[in-house]
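These notes are about the structure you will find just below.
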Amino acid sequence: MYMYKIGVVGDKDSILAFKAIGIDVYPVVEADEAKKTIDRLAMNNYGVIFVTEQIAQNIEETVERYNKQMLPAIILIPSNQGSLNIGMQRISDNVEKAVGVNIL
């Protein structure tokens with residue numbers, strides 16, 4: 000069985016805590032840097048990539064491209080500045096798609 004890696008992409012202050020639990024952290028500032036980082040992680044056997052909502056809103060096309068694939072799973076998380084509710088909305092949309100009705 001193959002072990003996939005987990006990574007976090009976002010602003011330094013929001014993702015630094017993930018390093019303490021052994022997750023690879025990739026601080027980014029600009030959208031182009033975030034796109035390149037996510038593409039690199041996807042090619043290097045990362046099965047789950049957490050991305051802060053603030054970064055994700057600037058790279059929607061990259062996030063959507065990977066949502067159409069099995070791996071890696073792109074999971075949106077709030078940053079230290081708070082949530083934009085993008086991640087929760089995506090979960091709600093996926094549940095509705097799978098079940099046929101929004102149960103959340």
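Using numbering that gives the first Met the number 0, read the sequence shown as starting at 0 and increasing by one per residue.
Built from N, CA and C at the ideal position, the CB exists for glycine as well.
Neighbour-count burial assignment, residue i, 16 or more Cβ in a 10 Å radius
i	result
Ile14	buried
Tyr25	buried
Glu29	exposed
Span of the beta strand (DSSP E) around residue i
i	result
Val50	Tyr45 to Thr51
Ile58	Element bounds for Ile58: n/a, residue is neither H nor E.
Gln24	The sequence as given places Val at residue 24; Gln does not occur at that position. Here the beta strand (DSSP E) through Val24 covers Asp23 to Pro26.
Residue range of the alpha helix (DSSP H) that includes residue i
i	result
Leu75	First-last for Leu75: Ala72 to Ile76, but that is the beta strand (DSSP E), not the alpha helix (DSSP H).
Ile14	Lys11 to Ala19
Lys34	Ala30 to Met42
Span separating the alpha-carbon of residue i from that of residue j
i	j	result
Ser78	Tyr1	30 Å
Asn57	Gly21	27 Å
Ala19	Ala72	22 Å
Phe17	Gly9	11 Å
Ile76	Val7	9 Å
Tyr3	Gln53	25 Å
Closest Cα partner of residue i within the set the options
i	options	result
Lys34	Ile76, Gln68, Gln80 and Thr61	Thr61
Asp38	Lys11, Arg64, Ile76 and Tyr3	Arg64
Ile48	Asp10, Ala19, Asp23 and Lys18	Asp23
Asn66	Ala16, Gly46 and Asp10	Gly46
Val50	Met69, Gln68, Tyr3 and Glu59	Glu59
Glu32	Ala55, Gln80 and Ile76	Ala55
Own chain, CB closer than 6 Å to residue i, minus 5 neighbours either side, in chain order
i	result
Asp12	Asn79
Ile5	Ile22 and Val47
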